[in-house]
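A short write-up of the structure that comes next.
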Amino acid sequence: MAFHGAGRQTVCGDLFPGSDLGHKFFCVGSSCGGPSAGLGAAPGLTGPSAPAGTPRHPTALGGGAGGGAAVPQPYSNPASEVPSPAEMEPDRPIGYGAFGVVWSVTDPRDGRKVALKKMPNVFQNLVSCKRVFRELRMLCFFKHDNVLSALDILQPPQIDCFEEIYVITELMQSDLHKVIVSPQPLTTDHIKVFLYQILRGLKYLHSAGILHRDIKPGNLLVNSNCLLKICDFGLARVEEPDPSRHMTQEVVTQYYRAPEVLMGCRHYGSAIDVWSVGCIFAELLGRRILFQAQSPIQQLDLITDLLGTPPLSALASACEGARAHILRGPHKPPSLSVLYMLSDGATHEAVHLLCRMLVFDPAKRISGGDALSHPYLDEGRLRYHTCMCRCCYSVAGGRVYTRDFEPAAERPFSHSYENSLLSVWQGKELIHRFITEHQQGKRVPLCINPQSAAFKTFIR
Ligand SMILES: [Zn+2]
1 MAFHGAGRQT VCGDLFPGSD LGHKFFCVGS SCGGPSAGLG AAPGLTGPSA
51 PAGTPRHPTA LGGGAGGGAA VPQPYSNPAS EVPSPAEMEP DRPIGYGAFG
101 VVWSVTDPRD GRKVALKKMP NVFQNLVSCK RVFRELRMLC FFKHDNVLSA
151 LDILQPPQID CFEEIYVITE LMQSDLHKVI VSPQPLTTDH IKVFLYQILR
201 GLKYLHSAGI LHRDIKPGNL LVNSNCLLKI CDFGLARVEE PDPSRHMTQE
251 VVTQYYRAPE VLMGCRHYGS AIDVWSVGCI FAELLGRRIL FQAQSPIQQL
301 DLITDLLGTP PLSALASACE GARAHILRGP HKPPSLSVLY MLSDGATHEA
351 VHLLCRMLVF DPAKRISGGD ALSHPYLDEG RLRYHTCMCR CCYSVAGGRV
401 YTRDFEPAAE RPFSHSYENS LLSVWQGKEL IHRFITEHQQ GKRVPLCINP
451 QSAAFKTFIR
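Under full-length UniProt numbering, the final residue of the sequence shown carries the number 460; numbering is consecutive throughout.
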């Protein structure tokens, strides 16, 4: 893709004031392990611990089949052999996803502020066990600047005490929902660079065969330099290639839900995420939710008010009730010209792209990858790769651009492991092993300091 204006100085202005984030929350290594007295199912209750920097305690790994015999052991290390736990101070919660709580914390290994996400109730039943394992594996799989990924996973306790999972990700300052409802001005440049990054991240996810299924402004994290990352994979799943297989319709926050899902279609694909992005694009322009309905039926009515009554061909996969509802109603002409009234930023180019995303029939909706080729996004691409990305770099003579501005995933995300997941206990062993193997040979492991007052509020 031609990239004119290379070397041009582009300043990415701060969008938010700096925020006061993060205090110490962790301790390093397994030194913070202690007996579970008074702490219930608290994590970090490790057994005999090794000095920081040495490989993980082997007892947790050796569980093997039927490892239920393992018993939490008392804390037996002489204090002199292990570093003392880092002091833990209260910190603040920064968000709540579909599942789990997120806190801002400080990594004691390098003082870096990061986000700590607790995945609770992992082992309640096989469904939650599978869901959490899928999200965990996805977070460890992702390698893309516009998709949130796991920087680390906290050391799990011995398998008998293993109830919750704690994942560390990069800490972002805000999300697009907070930005949209704030009084801060949002220029066309902001909108272009945000939309570019949303689609860039989405292209990567879809190329890995992953449907996000809950794209909404609150799941798009942003930093003061306008860097954006897609987060919260609690509802994400792998694409279903077999159209005869039914998929759940309990997906996507209603305002951003695609018409095919609203109409009870039993099989859907990546186009549902593109619809959500279209709604967000309009919301960025108008700073109000595009289709804000009280019920799924009203949601569908608002959509047809804008797009007009869909042709019969677009209703092929709809359930009987939804089809009857549309055919029973008055014939509506499209009223897409109202999109020009969203704001001054709603130019011909903007509305053209918007209308390619907000297409009723998913088969005719533009793909995330094709949307990136729309001329509306050229300036967003330029801005992103001139001063925000990590794939290009500057030399004395100017900017050296990457060969692939919008990379796809190197391989699809594999979920074949799910077939062998048949019981909660087996899931517990698999997840325990996955985390342990994921950490091996990497940095000094971290665990929670259960003595901390902040920890007690965190586990609630
Ligand atoms: Zn770049």
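The beta carbon of each residue, even a glycine, is placed where N, CA and C say it ideally should be. Bear in mind the structure is a predicted one, so any value in this text is a computation, not a measurement.
When the beta-carbon positions are compared, Y196 and L377 come within less than 8 Å of each other.
Boundaries of the alpha helix (DSSP H) harbouring L327: E320 to R328, taken from the DSSP string.
For C389, the closest alpha carbon among the candidates Y401, A396 and Q254 is that of Y401. Between L284 and I215, the CB-CB gap reaches or exceeds 8 Å. Look at C226: its beta carbon is at least 7 Å from all of the heavy atoms in ligand 1.
One thing to note: L176 has its Cβ within 8 Å of the Cβ of L220.
Inter-residue distance for L116 and L151 is about 10 Å (C-alpha atoms, whole angstroms). Shortest gap from the CB of H385 to any heavy atom of ligand 1: under 7 Å. Taking the Cα of I153 as reference, the smallest distance to any Cα among R288, R287 and C140 is reached at C140. When A408, H190, L421 and E418 are compared, the shortest CA-CA separation from F142 is found for A408. In the same chain as L372, and ignoring 5 residues on each side of it, the C-beta atoms closer than 7 Å to its own belong to L199, R200, K203 and E406, in chain order. Annotated as distal: Q155 and P412, with beta-carbon spacing of 8 Å or more. Taking each of C447, R443, Y417 and S423 in turn and checking the Cα distance to F434, the smallest one comes out for Y417. With respect to the 8 Å criterion, L126 and S423 are classified as neighbours on the basis of their beta carbons. Boundaries of the alpha helix (DSSP H) around A371: G368 to A371.
Of P120, Q249, P375 and P362, the smallest CA-CA separation from I165 is found for P120. In the DSSP assignment, A115 forms a beta bridge with S104 and T169. Only residues of its own chain outside the window of five on either side were considered, and among them V238 have a CB closer than 6 Å to the CB of H415, listed in chain order.
Secondary structure of R399 (DSSP, three-state): strand. DSSP places C140 inside the alpha helix (DSSP H), whose first and last residues are L126 to F141. Here D305 is near K332, since their CB atoms are less than 8 Å apart. The alpha helix (DSSP H) runs of length 4 or more contained entirely in the segment 247–304 are, from start to end of the chain, 259–262 and 271–286. Cβ-Cβ distances below 7 Å link G345 to T188, I191 and L285 in the same chain, with the five nearest sequence neighbours on each side left out; the list follows chain order. Where L199 is concerned, the enclosing alpha helix (DSSP H) starts and stops at T188 to S207. Your pair L171 and A282 does not check out as a contact, with CB atoms roughly 29 Å apart and the cut at 8 Å. Not one heavy atom of ligand 1 is found less than 7 Å from the C-beta of C319. A150 sits in a strand when the DSSP states are folded into three classes.
Burial check for A324: the Cβ neighbour count within 10 Å stays below 16, so the residue is exposed.
According to DSSP, residue pairing for V238 in a beta bridge involves I210. Contact annotation: A293 and L302 have beta-carbon atoms nearer than 8 Å.
Across the set I280, V132, W275 and L382, the C-alpha of W275 shows the shortest separation from the C-alpha of D361.
Per DSSP, C447 is one residue of the beta strand (DSSP E) stretching across L446 to I448. G111 and V105 have their C-alpha atoms some 9 Å from each other.
For V193, same chain residues with a beta-carbon under 7 Å away, outside a window of 5 residues either side, are C226, G380, R383 and Y384 in chain order. When DSSP states are grouped into helix, strand and coil, L220 belongs to the strand group.
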